[in-house]
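Letter by letter, the sequence shown follows residues 6 to 302 of my numbering. Here is the structure we will look at.
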Amino acid sequence: MTPADTLEVAGRQVRFTHPDRVLYPSTGTTKADVLHYLLEAAAVLVPQAAGRPATRKHWMGGVGTAERPGESYFRKDLEDSAPEWIPRANLRHRDHTNTYPIVDGPAVLAWFAQRAALEIHVPQWRMGPGNRAHGPDRLVIDLDPGAGVDLAGVAEVAHWCREALGRRGLAALPVTSGSKGIHLYAGLGKGTTADESTRIAHEVALELESAHPRRVVSEMKRSLREGKVLVDWSQNMAHKTTVCPYSLRGRLRPTVAAPRTWSELADPKLSQLEYPEVLERIAAGLDPMAEPGWRAP
Numbered sequence: 006m007t008p009a010d011t012l013e014v015a016g017r018q019v020r021f022t023h024p025d026r027v028l029y030p031s032t033g034t035t036k037a038d039v040l041h042y043l044l045e046a047a048a049v050l051v052p053q054a055a056g057r058p059a060t061r062k063h064w065m066g067g068v069g070t071a072e073r074p075g076e077s078y079f080r081k082d083l084e085d086s087a088p089e090w091i092p093r094a095n096l097r098h099r100d101h102t103n104t105y106p107i108v109d110g111p112a113v114l115a116w117f118a119q120r121a122a123l124e125i126h127v128p129q130w131r132m133g134p135g136n137r138a139h140g141p142d143r144l145v146i147d148l149d150p151g152a153g154v155d156l157a158g159v160a161e162v163a164h165w166c167r168e169a170l171g172r173r174g175l176a177a178l179p180v181t182s183g184s185k186g187i188h189l190y191a192g193l194g195k196g197t198t199a200d201e202s203t204r205i206a207h208e209v210a211l212e213l214e215s216a217h218p219r220r221v222v223s224e225m226k227r228s229l230r231e232g233k234v235l236v237d238w239s240q241n242m243a244h245k246t247t248v249c250p251y252s253l254r255g256r257l258r259p260t261v262a263a264p265r266t267w268s269e270l271a272d273p274k275l276s277q278l279e280y281p282e283v284l285e286r287i288a289a290g291l292d293p294m295a296e297p298g299w300r301a302p
C-alpha cells in the first residue's frame, strides 16, 4: 500500500497533497484538475518535451484574479528534494551550471503538478547521450499581438509566415499559445544549428515586416507594436525557450498552448482553447503535431 498522499504513476511513487486547492479561481480549477489534465495529455505532451531541459513557471498559490494576480516564479534548477528517478541535464551557463529536469513520462508531469508548475518551457533542441545538446530539431516563430490586434489578425500574419517558410522549404504547424498569440513550428533537418534556425526565422520576420509594414514588426520594442504583430524570431537562440505545446498557461483561465490545424486558423471565431477542450480533442485522436507533414524529411 502507498500512503494516502502518494500516487503511483507509471510505476513511480509521487507525493501529491492538497488536491482541492484552487489554482484557477475564475473556473474553480483545482490542483487535482491540473493533475488530471497532465496525466490525460501525457501521451501528446511528453513527445514534445522529451529530451528538452525544462524550465518551469510555478504558481504555488494559484493564478489569482485580475484584481489580485497570484505570485509566480520561474525555476530552472531541479530541487534538491526531487525524486532520484527524474531525468536531468546539466547545462553550463556563463558563470554557473544549472541542473534541469527532463520530462520523460507522466510521473514527471505529476511531480510538476504537485509543485503547481503550470507552465513548462523548453528549447527547440534536445539532449543527447553523454549530457550533450543536439542541434535544434524544430524552428519556432512566436506571433505576439500588440494593442488593438485580435487573434484573427494574428492568424492572418500566421498564414503569411507559413508562405514565407514554405518558400524556404519548411512546413509550418500552428499552435495557439494559450495567451494572446500563435506559435508556428517547422521541423528542421539534422545538422541545422541554432544560429542557422535563428537566421532563417529572422529573415522571415524582416521579409514580412517589409511586405506588411502596417501590420508586422520584427523588433521587440513595445513602442513599435501597437496595432501590429511582433514576429518574434529570437526564441530559436540556443539559450531561449518557448512554452511547450500542450502545456497549461498561467492565465486567468486554464488555457493551453494547443496545436491547431490550418483550417481552424481560417475561422474568424478562432479562440484560445482551455484544457477541457484540449482533452476532448485528444480523446478524439486529434493531435496535429503527430502528423508528419510539418516535420523535416
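Even for Gly, the Cβ is constructed at its ideal location relative to N, Cα and C.
Which of helix, strand or coil DSSP assigns to residue i
i      : result
Asp292 : coil
Met6   : Here the model assigns Met6 a pLDDT of 39, short of 50, so the residue's position is not dependable, and the following value carries that caveat. Looking at Met6 - three-state DSSP - the assignment turns out to be coil, as it is neither helix nor strand.
Leu257 : coil
Ile287 : helix
Arg97  : strand
Val68  : coil
Gly303 : Here the chain covers residues 6 to 302 and nothing more, so residue 303 does not appear.
Phe21  : coil
Arg230 : coil
Trp299 : helix
Ala15  : coil
Tyr251 : coil
Leu83  : coil
Trp90  : coil
Gly140 : strand
Ala262 : coil
Residue i: first and last residue of the uninterrupted beta strand (DSSP E) it sits in
i      : result
Thr104 : Thr102 to Pro106
Thr60  : Thr60 to His63
Gln240 : Premise fails: Gln240 is in no beta strand (DSSP E) and is neither H nor E.
Leu28  : Val27 to Tyr29
Pro150 : Arg143 to Pro150
Leu178 : Ala177 to Thr181
Glu124 : Ala122 to Val127
Ala191 : Ile187 to Gly192
Glu224 : Run containing Glu224: none; DSSP gives neither H nor E here.
From the options, residue whose alpha carbon lies closest to that of residue i
i      : options                           : result
Ile107 : Ser86, Val51 and Gln119           : Val51
Leu229 : Asp149, Ala157 and Pro141         : Asp149
Gly232 : Arg219, Ala243, Asn241 and Met242 : Arg219
Ser223 : Leu235, Pro30 and Val248          : Leu235
Ala59  : Asn136, Val39, Arg93 and Phe21    : Arg93
Arg172 : Lys245, Gly110, Arg254 and Glu212 : Glu212
Leu40  : His23, Gly56 and Val221           : His23
Ala160 : Glu296, Lys36 and Gln277          : Gln277
Ala47  : Asp142, Asn136, Asp109 and Thr35  : Asp109
Val154 : Lys185, Glu124 and Ala177         : Lys185
Phe21  : Val27, Val14, Ala15 and Asp10     : Asp10
Leu44  : Gln119, Leu291, Gly33 and Leu96   : Gln119
Val248 : Glu124, His98, Asn95 and Trp90    : Glu124
His63  : Lys81, Ala55, Asp100 and Ala177   : Lys81
Thr266 : Ala243, Thr181, Gly151 and Tyr78  : Thr181
Gly135 : Gly66, Leu96 and Ala122           : Leu96
Ala55  : Ile91, Phe79 and Asp25            : Ile91
His244 : Arg57, Met65, Pro281 and Gly133   : Arg57
Leu270 : Met294, Pro179 and Arg254         : Pro179
Pro281 : Ala262, Met294 and Arg26          : Ala262
Phe117 : Thr34, Met65, Met225 and Lys226   : Met65
Check whether residue i and residue j have beta carbons under 8 Å apart
i      : j      : result
Pro250 : Pro273 : no
Val19  : Arg256 : no
Thr260 : Gly183 : yes
Tyr105 : Leu284 : no
Gly303 : Thr197 : Here the chain covers residues 6 to 302 and nothing more, so residue 303 does not appear.
Leu193 : Arg143 : yes
Ala112 : Val14  : yes
Leu12  : Ala115 : yes
Ala177 : Trp299 : yes
Leu156 : Leu275 : yes
Ala122 : Arg26  : no
Start-to-end residues for the alpha helix (DSSP H) that takes in residue i
i      : result
Thr203 : Ala199 to Ala216
Trp347 : Examination of residue 347 is not possible in this model, given that the chain is present from 6 through 302 alone.
Gln277 : No alpha helix (DSSP H) contains Gln277, which DSSP labels as neither H nor E.
Glu45  : Lys36 to Ala54
Glu269 : Trp267 to Leu270
Ala112 : Pro111 to Gln119
Minimum Cβ-Cβ distance from residue i to chain D less than 8 Å
i     : result
Thr32 : Among the chains in the structure shown there is no chain D, since it carries only a single protein chain.
Legend entry - Segment contact flag, the segment 196 to 204 with the segment 129 to 140, C-beta cutoff 8 Å, min 3 pairs: yes
Inset, instruction - Flag this pair as touching only if the segment 156 to 176 and the segment 188 to 200 have three or more C-beta atom pairs under 8 Å; answer yes or no. - result: As far as the Cβ criterion goes, the segment 156 to 176 touches the segment 188 to 200, which means the pair count is three or higher.
Legend entry - Touching by the beta-carbon criterion (3+ pairs, under 8 Å), the segment 239 to 250 and the segment 133 to 150: yes
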